[in-house]
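Accompanying notes for the structure given below.
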Amino acid sequence: MKIAVYGATGMVGSQIVAEAAKRGHEVTAVSRGGRDVAGAASAAVAELGDTAAYRALAKENDVVVFSIPPSRTGESHQPFIDAHEEISETLVPARVFVVGGAGATEIDGVRLLNTPGFPEEYKPEARTMGEVLDFYTSASGLDWTMLAPAPVIAPGEPTGNIVLGNDSPAGDHVTTGDFAVAALDELEEPRHLHRRFTVASA
């Protein structure tokens, strides 16, 4: 399978690249600087909001993975939101796989960011990822999946023991290695087309 990974130099994206390469897939690492990433067969330069570049990558690959979080430095999230709205409305031959956020997952139908005790500093990102999810759930004709992590995601190797959930957190924490395993399992054997699911380390 040919897989393009946006955010391939990041904490999660680099693990997805490594896991995909380990399984024998041909990976293109997509970043703003076009940096080489361990395990990737090639590198490409693209901004999240560059629709022409996205269309080209979606024609050349079976899957396009978006592993890019919204800005965490106080900048406006609107360009990020606009980019995902455009992606969700652009029909492409590739499958779209989005790395989601834990704050937009739900407990008893209430998004985590709206539950008591949710940290204020994480609410802007959680709201943004909720908007992004809404774009995809409203999309028509696009093959997409979103995978959201547990509330705590941290660098770590695959444990060999993961738990999956639907819209609710599957557990308290997940390693980036376990997240990548769940992502590649889904890409190889799709079970969550047109929906979000969650993962945690057991």
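All residue numbers for the sequence shown refer to UniProt numbering, where the first residue is 1 and numbers rise by one.
We treat Cβ as the ideally placed atom computed from N, Cα and C, and that holds for glycine.
Note that the structure is predicted; figures quoted are calculated from it, not measured.
Is DSSP giving G100 helix, strand or coil here? Residue mapping note: residue 100 aligns to position 100 of the sequence shown, counting from 1. If DSSP states are grouped into helix, strand and coil, G100 belongs with coil.
Since Y122 and G141 should fall inside the 8 Å C-beta cutoff, what is the C-beta to C-beta distance between them, to a whole number of angstroms? Working through the sequence shown from its first residue, we reach residue 122 at position 122. Working through the sequence shown from its first residue, we reach residue 141 at position 141. About 33 Å; that fails the 8 Å criterion.
Could you say which of P124, I16, V30 and A150 lies nearest to residue 207 if we only look at CA atoms? Look at the range of the chain in this structure, 1 to 202, and you will see that residue 207 is not part of it.
Between which two residues does the beta strand (DSSP E) harbouring E26 extend? As a working mapping, residue 26 is identified with position 26 in the sequence shown. First-last of the beta strand (DSSP E) with E26: E26 to S31.
Taking A182 as the reference, which of V27, N61 and T159 has the closest Cα? Start at 1 with the first residue of the sequence shown, and residue 182 comes out as number 182. The residue with the shortest Cα to Cα distance from A182 is T159.
Enumerate, from N- to C-terminal direction, the unbroken alpha helix (DSSP H) stretches of 4 or more residues contained entirely within the stretch 113 to 156. 123 to 137
CB contact flag (F197, N166, <8 Å): To locate residue 197, count along the sequence shown from 1; it is residue 197. To locate residue 166, count along the sequence shown from 1; it is residue 166. Yes, the pair counts as a contact, with Cβ atoms nearer than the cut-off.
E19 versus H84 - alpha carbon distance: Here the question's residue 19 lines up with position 19 in the sequence shown. Here the question's residue 84 lines up with position 84 in the sequence shown. Distance between the alpha carbons of E19 and H84: 25 Å.
Measure from the alpha carbon of E75 to the alpha carbon of each residue in A58, V110, P116 and E125, then state which is nearest. Residue mapping note: residue 75 aligns to position 75 of the sequence shown, counting from 1. Among A58, V110, P116 and E125, the Cα nearest to that of E75 is on E125.
Quick one: what does DSSP say G165 is sitting in, helix, strand or coil? For the purposes of this step, residue 165 is taken as residue 165 along the sequence shown, with counting starting at 1. DSSP places G165 in strand when its eight states are reduced to three.
How many angstroms separate the CA atom of G109 from the CA atom of T51? Taking the first residue of the sequence shown as position 1, residue 109 is located at position 109. Taking the first residue of the sequence shown as position 1, residue 51 is located at position 51. In a straight line, the C-alpha of G109 is about 33 Å away from that of T51.
Beta-carbon within less than 6 Å of T90's beta-carbon, same chain only, minus the 5 sequence neighbours each way: which residues are those? As a position in the sequence shown, residue 90 is number 90, starting the count at 1. Once the five neighbours on either side are set aside, T90 has no close Cβ partner at all.
Contact set for H25: own chain, Cβ-Cβ below 6 Å, skip 5 residues either direction: Working through the sequence shown from its first residue, we reach residue 25 at position 25. M1 and I3.
Take the Cβ of N61 as the centre, count every other Cβ of all protein chains shown within 10 Å, and call the residue buried at 16 or more, exposed below. Here residue 61 refers to the residue found at position 61 when the sequence shown is read from its first residue. So N61 counts as buried.
Could you tell me the boundaries of the alpha helix (DSSP H) in which A83 lies? As a first step, residue 83 must be located in the sequence shown, where it is residue number 83. First-last of the alpha helix (DSSP H) with A83: Q78 to E89.
Rounded distance between the beta-carbons of A46 and D36, thought under 8 Å: The count along the sequence shown starts at 1 and reaches residue 36 at position 36. The count along the sequence shown starts at 1 and reaches residue 46 at position 46. No, D36 and A46 are not in contact; Cβ-Cβ is about 15 Å, not under 8 Å.
For the candidate residues V152, I81, V30 and D172, whose alpha-carbon lies nearest to that of V64? On the sequence shown, residue 64 is found 64 positions in, with the first residue counted as 1. The candidate whose alpha carbon is nearest that of V64 is V30.
Pull up the distance between the alpha-carbon of H194 and that of Y136, whole angstroms please. For the purposes of this step, residue 194 is taken as residue 194 along the sequence shown, with counting starting at 1. For the purposes of this step, residue 136 is taken as residue 136 along the sequence shown, with counting starting at 1. Taking the straight line from one Cα to the other gives about 8 Å.
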